[in-house]
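Trainee:
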Amino acid sequence: MARGRPKIIITLAVIVILLFLFSLWAFPMYNVWRKELRGKADLKEAEWGRQIAIEEAKARKESAVLDAEAEIERAKGVAEANQIIGNSLKDNEAYLRYLWIHGLHDGSSEVIYVPTEANLPILEATRQVQ
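Okay, here's the thing in structure tokens:
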């Protein structure tokens, strides 16, 4: 039995040495393979990110176009309303006079001061001093 023991030890030592030599060759190959896979994954991720950015840009463009169309329609509505109001006020002197008088009475109208030769505003020249 003592004779078989050194053979087993030598065999185990050879196996360990072979495993060590194999690992010296296999680990660098594994690292290269792993980095290659990581590079491919990064490339795919970048492509997906680019596609997402393109789709988001298309959505923003479409949204801007639709917003512009909505703004155009709103402006058309305002223009039509202004035209209707303008047409109704064209030959309606009595209503315009009523609005002018009503504006004078509620006090919300603006007073415009125009300087004269004596540097007194025309509207102030006729008021009494209190």
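Per the working numbering, the very first residue in the sequence shown carries number 6; after that it's consecutive. We treat Cβ as the ideally placed atom computed from N, Cα and C, and that holds for glycine.
1) Please tell me whether Gly94 and Tyr100 are closer than 8 Å, where the distance is taken between their beta carbons.
2) For a test of the three-state rule: what should DSSP assign to Ala123, helix, strand or coil?
3) From Glu76 to Glu67, what distance separates their C-alpha atoms?
Mentor: Per the coordinate set shown:
1) As written in the sequence, residue 94 is Leu, which differs from the Gly given in the question. Yes, these two residues count as a Cβ contact at 8 Å.
2) coil
3) 14 Å
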